[in-house]
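Notes for the one structure printed next.
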Amino acid sequence: MKGAGRGMRAMAYRVLSGLGLTLLIWILVLAWWQSNDHQPSSADLLLYLVAVPGALIAGYWLLRGVIEQLKAPPLALSPAPLVPDDDPLSGARAISTATERGFSLFLVDAWVHVAAGNSADDIVAAVEAGSRPGPSEEIMDDAGFPVFAAEVKDIDVDGMNEQLLRDGKDIHPALAIPAILRSIVLLDGVMAAAMDRAKEIMESAGEKISLQVFWLLPGDWDPAHRDALRGWFEKTCGAGHFASTHDVHLISVASEADAMKQLDELILRANRSLPDKTLMLIAGAVSAVDEQVVARWSSRQGLFSAGHQQGQIPGEGAVALLLAERNAVEFLRLEDVAEVSRVMLGARDKRLDAGGRISGRLVEQLLAGLLDSSGLEGESIKAVVLDTDHRVGHVAEAMEGVLGSLPHLDPVSDFLATGSACGALDPIGSLVALACARTKVLAGQSPVICLSNQHALERAMLIVSPFVASDKTEPRIS
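For reference, each letter of the sequence shown is one residue, going 1 to 478 in this note's numbering.
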């Protein structure tokens, strides 16, 4: 009844305002005709007493409608479209139980090698110190100016070439592509450390512990190269760690949010069907500091320059994350473990650089869903780690979406944008941010939000929390 009353009052206002405007026009027109002794024709009467008032009224309401539309915040899509089938957090399509909404995995360790440093601690320190990528000494743009790039210095590309020649008579053409070659050099280093750690844990267990490894490949790598990449990767991992070739998985991912989606699917799989005491290693690498890649970015107006501040700075790096389910963590009594929640996914309806007001509505929706499913109080969250870079709009989106629900966070010191120091690391930037979120959790022993909003439209969010054991036994493995 109240809604109907408001509707009637609005309609009455429109009718009365229209009549008032019409009456005012008639008075002015008739007064002008009378002062000039003008005898109006039928056409004059129709034009000035009917058409003019009608046009002014219609124009007024049309302009008002346009203004209201521009003032309205852009609508955000619900998280459902990115997760069409089996994501318990996907709104109307939810098919899982409340238990599955609370599924999680535990991040045991993380290894990172990017321009900002060789560890998550280095990246956090670089971002907090305001470190930014500088101009490249080798890569130039079309105008002959150095391209800003987050390039890892002194990686041993020649040494990798020699190793590949020792392993086979000829180097596969895929492994000679500069972007792929630099990527596997970076990945080789983090995988060596990660596999050593996994081997240490498995040997100390005293019983069978299984290991599954997932290599997330950039989506723009040619699928025809997969066999060559798999051959190299299996040698890097070491065949002795696996019961079968099915324990090594190569998965193409299209974006940072897609990498988070793969993590979410692993959380589901680990909790639903994987055997107890399973270790999982997710790894990825990318290199965009190559003249061909830079040329592609420049051609689509996506490259950062003095004249295009909203472009991205190409980066390169590698990351490996060692995860385990709760039974394995508690059986092995591991230290420095952080809990990783399910992932909320969504997509904006328009890019942040499309003009208009920057809305954080989608980020706010993702956060609300996570807080609801995790049962955490908002006040317990002490920081936000995001994978975005220097672009103001992306940082502003995160702040608007988070601070409305978590006003206790400081917009300067509590928001850590890893891409500002590492450059664009599509599609592994979100995993680098997750490694840094673990560092923040271990340092503060409080939950941290990990947000991926580097992509133009896709968004992903999870919560990283301190590990709370279900028993009181002392940790055995550090």
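Each residue gets a CB set at the ideal place from its N, CA and C atoms; glycine is no exception.
Any C-beta of chain D under 8 angstroms from that of residue i
| i | result |
| --- | --- |
| Gly117 | The structure shown contains no chain D; it is built from a single protein chain. |
Close Cβ partners of residue i (< 8 angstroms) along its chain, the five nearest in sequence each way excluded
| i | result |
| --- | --- |
| Gly302 | Gly311, Gln312 |
| Gly59 | none |
| Leu217 | Arg226, Leu229, Leu250, Ile251, Ser252, Val253, Gly284 |
Closest residue to residue i among the options (Cα-Cα distance)
| i | options | result |
| --- | --- | --- |
| Trp221 | Ala176, Ala433, Met260, Met202 | Ala176 |
| Asn161 | Pro173, Ser299, Gln34, Leu370 | Pro173 |
| His408 | Gly378, Val392, Ser42 | Gly378 |
| Ser430 | Trp32, Ala58, Ala283, Thr99 | Ala283 |
| Asp387 | Ser255, Ile358, Ala368 | Ser255 |
| Ser42 | Ser35, Asn36, Ala51 | Ala51 |
| Thr439 | Trp111, Gly369, Leu62, Leu216 | Trp111 |
| Pro411 | Ala433, Lys382, Ala354 | Lys382 |
| Asp276 | Ala194, Ile358, Leu211, Leu366 | Leu211 |
| Val340 | Leu49, Ile251, Leu266, Ala98 | Leu266 |
| Ser323 | Pro427, Trp33, Asp109 | Correcting the residue type first, residue 323 is Leu in the shown sequence and not Ser. Of Pro427, Trp33, Asp109, the residue nearest in Cα terms is Asp109. |
| Asp487 | Leu30, Gly393, Ala320 | The displayed coordinates of the chain run from 1 to 478. Any statement about residue 487 would go beyond what the structure contains. |
| Ala120 | Asp426, Ala417, Val15 | Ala417 |
| Ser136 | Ala31, Ala288, Ala194, Ala193 | Ala288 |
| Gln163 | Phe214, Leu217, Lys235 | Lys235 |
| Gly483 | Glu325, Glu335, Gly393 | Look at the range of the chain in this structure, 1 to 478, and you will see that residue 483 is not part of it. |
| Arg357 | Asn36, Glu203, Glu400, Asn327 | Glu400 |
| Leu24 | Asn36, Ser35, Asp37, Leu56 | Leu56 |
| Ile428 | Trp215, Ser413, Val127 | Trp215 |
| Asp414 | Ser204, Val441, Leu105 | Val441 |
Helix, strand or coil at residue i [DSSP, three-state]
| i | result |
| --- | --- |
| Gly54 | helix |
| Leu268 | helix |
| Asp156 | coil |
| Ser465 | strand |
| Arg486 | Residue 486 cannot be examined here, being either before or after the span of the chain that is shown, 1 to 478. |
| Ile27 | helix |
| Val289 | coil |
| Ala383 | strand |
| Ser90 | Residue placement at Ser90 is poorly supported in this model, since its pLDDT is 45, which falls under 50; the coordinates still yield a value, given next. Reduced to three states, the DSSP call for Ser90 is coil. |
| Ile251 | strand |
| Leu274 | coil |
| Glu482 | Outside the modelled stretch of the chain, which goes from 1 to 478, sits residue 482, for which no answer is possible. |
| Gly117 | strand |
| Pro81 | With a pLDDT of 38 at Pro81, under the threshold of 50, the modelled position of this residue cannot be trusted; read the value that follows with caution. Helix. |
| Ser41 | coil |
| Leu376 | coil |
| Pro447 | coil |
| Glu364 | helix |
| Ala129 | coil |
| Ile282 | strand |
| Gly315 | strand |
| Asp109 | strand |
| Ser17 | helix |
8 angstroms Cβ cutoff met for residue i and residue j
| i | j | result |
| --- | --- | --- |
| Glu291 | Arg182 | no |
| His398 | Val363 | The question names His, but residue 398 in the sequence shown is Ala. Contact: yes. |
| Thr270 | Met260 | The question names Thr, but residue 270 is Ala in the sequence shown. The answer is no: Cβ separation not under 8 angstroms. |
| Ser465 | Ala338 | yes |
| Gly423 | Pro314 | yes |
| Ser470 | Glu330 | yes |
| Ile449 | Leu376 | no |
| Ala421 | Val385 | no |
| Met344 | Gly360 | no |
| Val293 | Val147 | no |
| Ile201 | Leu332 | yes |
| Asp479 | Gln454 | The question about residue 479 has no answer, for the chain in this structure spans 1 to 478. |
| Pro53 | Leu21 | yes |
| Ser380 | Asp141 | no |
| Pro178 | Ala150 | no |
Close-in-space but distant-in-sequence residues of the same chain around residue i (CB under 6 angstroms, 5 per side omitted)
| i | result |
| --- | --- |
| Ala318 | His113, Leu186, Leu187, Val190, Ala285 |
| Ser521 | One cannot answer for residue 521 here, as it falls past the ends of the chain, which runs 1 to 478. |
| Val152 | Ala115, Glu316 |
| Val124 | Cys436, Thr439 |
| Val213 | Cys237, Val248, Leu281 |
| Gly444 | Lys382 |
Cβ neighbours of residue i in the same chain (closer than 7 angstroms, five flanking residues each side left out)
| i | result |
| --- | --- |
| Val157 | Leu181, Arg182, Val185 |
| Ser373 | Leu89, Arg101, Gly102, Arg342 |
| Ala228 | His172, Ala174, Leu175 |
| Leu457 | Ala347, Arg348, Arg351 |
| Trp232 | Leu175, Ile184 |
| Trp26 | Leu49 |
| Trp33 | Pro40 |
| Leu366 | Pro79, Met344, Gly346, Arg459, Met461 |
| Asn327 | Asp276, Lys277 |
| Val468 | none |
### Task
Quick one: which unbroken beta strand (DSSP E) runs of 3-plus residues sit fully inside the segment 395-434? Chain order, please.
Those beta strand (DSSP E) runs which fall completely within the segment 395-434 and span 3+ residues are 415-417.
### Task
Output the residue ranges of the alpha helix (DSSP H) runs that lie fully inside the segment 319-362 and measure 4 residues or longer, sorted by chain position.
The qualifying runs are 326-332.
### Message
List, from N- to C-terminal side, the beta strand (DSSP E) runs of 3 residues or more that fit wholly inside the segment 184-248.
### Response
Within the segment 184-248, the runs of beta strand (DSSP E) at least 3 residues long that lie entirely inside it are, in chain order, 210-218.
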